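Note that the working numbering has the sequence shown beginning at 625, numbered continuously upward. A virtual CB, placed ideally from N, CA and C, is assigned to each residue, including glycine. Predicted model only: the values in this text are computed from it and were never measured. This report concerns only the one structure given below.
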Amino acid sequence: MRKYQLLEESTNPIKKVMLYETHEGAYVFLYHTYEDKPCFADYWFELVEDADDYCKENLNIVDNNWRMLDDPKIGCQHDLIECT
Numbered sequence: 625m626r627k628y629q630l631l632e633e634s635t636n637p638i639k640k641v642m643l644y645e646t647h648e649g650a651y652v653f654l655y656h657t658y659e660d661k662p663c664f665a666d667y668w669f670e671l672v673e674d675a676d677d678y679c680k681e682n683l684n685i686v687d688n689n690w691r692m693l694d695d696p697k698i699g700c701q702h703d704l705i706e707c708t
């Protein structure tokens, strides 16, 4: 499962956040741009609930504003929306 959210009122350089849940844990990718470009930072969490909590507490993410994505195809970067 992947989902992302655009941050409208950002007081820091983060413009977009993506959360990616895998069978090994969950990743939070942070972006300086709204464009589909690689992230500038990422964090790994053992549980997706911990990743969700990080997004809510540190980035003011609102649950109902997530946009759902398919998992990346084999050989594609996990932090990009479209495979290039």
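Please report how far the alpha carbon of residue i lies from the alpha carbon of residue j, in whole angstroms.
{"i": "N688", "j": "W668", "result": "22 Å"}
{"i": "V652", "j": "V641", "result": "7 Å"}
{"i": "T657", "j": "V686", "result": "19 Å"}
{"i": "T646", "j": "V672", "result": "9 Å"}
{"i": "W690", "j": "G699", "result": "25 Å"}
{"i": "Y628", "j": "Q701", "result": "15 Å"}
{"i": "P637", "j": "A675", "result": "19 Å"}
Does the beta-carbon of residue i have 16 or more other beta-carbons within 10 angstroms, so that it is buried, or is it exposed?
{"i": "L643", "result": "buried"}
{"i": "R626", "result": "buried"}
{"i": "L631", "result": "buried"}
{"i": "D677", "result": "exposed"}
{"i": "D694", "result": "exposed"}
Three-pair Cβ contact test at 8 Å for the region 681 to 690 versus the region 656 to 663: With the cut-off at 8 Å, the region 681 to 690 and the region 656 to 663 do not touch.
Uninterrupted beta strand (DSSP E) stretches inside the region 628 to 708 (no shorter than 3 residues): If we require 3 residues or more, the beta strand (DSSP E) runs fully inside the region 628 to 708 come out as 640 to 646, 649 to 655, 665 to 669, 691 to 693.
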